[in-house]
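Only one structure is covered here, and it is reproduced in the block below.
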Amino acid sequence: MTGRLEGKTAIVTGAGSVGPGWGNGRAAAVLFAREGARVFAVDLKAEALAETVRTVEAEGGVIRTHLCDVTSSSAVAAMVRSCQEEFGRIDILVNNVGGSFKGGPVELSEEDWARQLDYNLTSVFLTCKHTIPVMKAQGGGAIVNTASTSGTRWTGSAQVGYAAAKAAVIQFSKVTAVQHAPDGIRVNTVVPGQLHTPMVEERLAGQRAGGNVESLLAQRQARIPLAFAGDGRDTAYAALYLASDEARFVTGTEIVVDGGMSARCD
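At position 44 of the sequence shown (counting the first as 1) the number is 44 in my numbering, and the numbers step up by one without a gap.
Structure, rendered in structure tokens:
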């Protein structure tokens with residue numbers, strides 16, 4: 001039985017991880033390789049990609065890596081060219097780069113506001129800007145952008161830059177989907193909720209719970225109707241569907257992966 005992405009080439013940005021476990025990008029890269037894709041794994045740091053590469057290669061998958069600052073247009077253009085040179089085409093783009101700073105409009109510095117928009121939103125704009133012409137010339141492709149429930153609702157703390165950027169990712173995806181539907185390019189969004197990813201231990205616990213990981217996990221779990229917290233693999237399975245031919249009639253929409261949190265009224 002062939003994989004759901006057999007014969008396809010997939011760029012996965014943010015394919016590394018800040019620590020052990022299943023972040024969204026690492027999970028997507030590994031799952032897509034398991035499903036037959038040739039994965040072009042992109043991250044800012046080589047050490048972040050090491051475990052992703054080891055896992056894919058141990059399972060016999062095909063993966064190549066590229067270091068890239070996805071907030072730089074010239075760096076993204078070079079990354080796209082490198083993928084074409086390596087694999088000859090680009091069928092799938094999965095955008096997983098993201099991260100949050102604490103603070104509302106008063107507390108957040110103007111510099112951190114700009115950094116949040118660049119990191120979470122401009123990165124998506126730039127990868128789409130340079131990848132869409134390749135997909136259009138091929139006759140189609142699939143783009144999956146990763147947003148956050150912080151872009152659709154209050155999620156326990158003021159992080160206005162992150163929330164605004166992730167909300168914009170959802171609308172960016174809708175507009176781009178409609179514009180490029182005649183080109184055979186589908187654009188959709190996965191909206192993860194309170195997942196237990198390596199970023200919880202490495203960054204968020206220090207920002208929001210004084211470094212107490214268990215306290216932060218308990219706060220997040222209290223918002224989730226299901227009795228457990230998902231992880232990056234749950235995001236990756238949603239992205240797999242949207243990237244696959246099974247979703248051939250699905251574009252300009254979102255899959256929310258949050259254990260029912262968004263369905264609550266409180």
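C-beta atoms are modelled at their ideal positions from N, C-alpha and C, and glycine is treated no differently.
Which stretch, first to last residue, makes up the beta strand (DSSP E) that contains residue i?
i: Glu107; result: Neither: Glu107 is in no beta strand (DSSP E) and is coded neither H nor E.
i: Gly141; result: 141–146
Expressed to the nearest angstrom, what Euclidean distance is found between the alpha-carbon atoms of residue i and residue j?
i: Thr122; j: Ala168; result: 10 Å
i: Ala239; j: Ser73; result: 25 Å
i: Ala205; j: Gly156; result: A caution first: Ala205 carries a pLDDT of 48, below 50, which makes its placement in the model too unreliable to give a value.
i: Ile185; j: Gln84; result: 17 Å
i: Val56; j: Val106; result: 44 Å
i: Gly19; j: Gly140; result: 35 Å
i: Thr52; j: Ser100; result: 23 Å
i: Met261; j: Leu242; result: 21 Å
i: Ala247; j: Asp112; result: 37 Å
Identify every residue that forms a DSSP beta bridge with residue i.
i: Arg64; result: Phe40
i: Asn188; result: Val144
i: Val257; result: Pro192
i: Val94; result: Val12, Val144
i: Gln159; result: Gly103
Would you kindly check if the distance between the Cβ of residue j and the Cβ of residue i is under 7 Å?
i: Lys272; j: Asp91; result: Residue 272 is absent from the model: the chain starts at 1 and stops at 266.
i: Val94; j: Val12; result: yes
i: Ile224; j: Gln179; result: no
i: Phe32; j: Val39; result: yes
i: Arg26; j: Ser17; result: yes
i: Ala15; j: Ala37; result: no
i: Thr189; j: Gly23; result: no
i: Ala158; j: Gly230; result: no
If we count the other Cβ atoms within 10 Å of its Cβ and call it buried at 16 or more, is residue i buried or exposed?
i: Asn145; result: buried
i: Thr127; result: buried
i: Ala48; result: buried
Could you tell me the boundaries of the alpha helix (DSSP H) in which residue i lies?
i: Cys265; result: Neither: Cys265 is in no alpha helix (DSSP H) and is coded neither H nor E.
Can a CB atom of chain B be found closer than 7 Å to the CB of residue i?
i: Gly7; result: Chain labels in this structure do not include chain B; a single protein chain is all it has.
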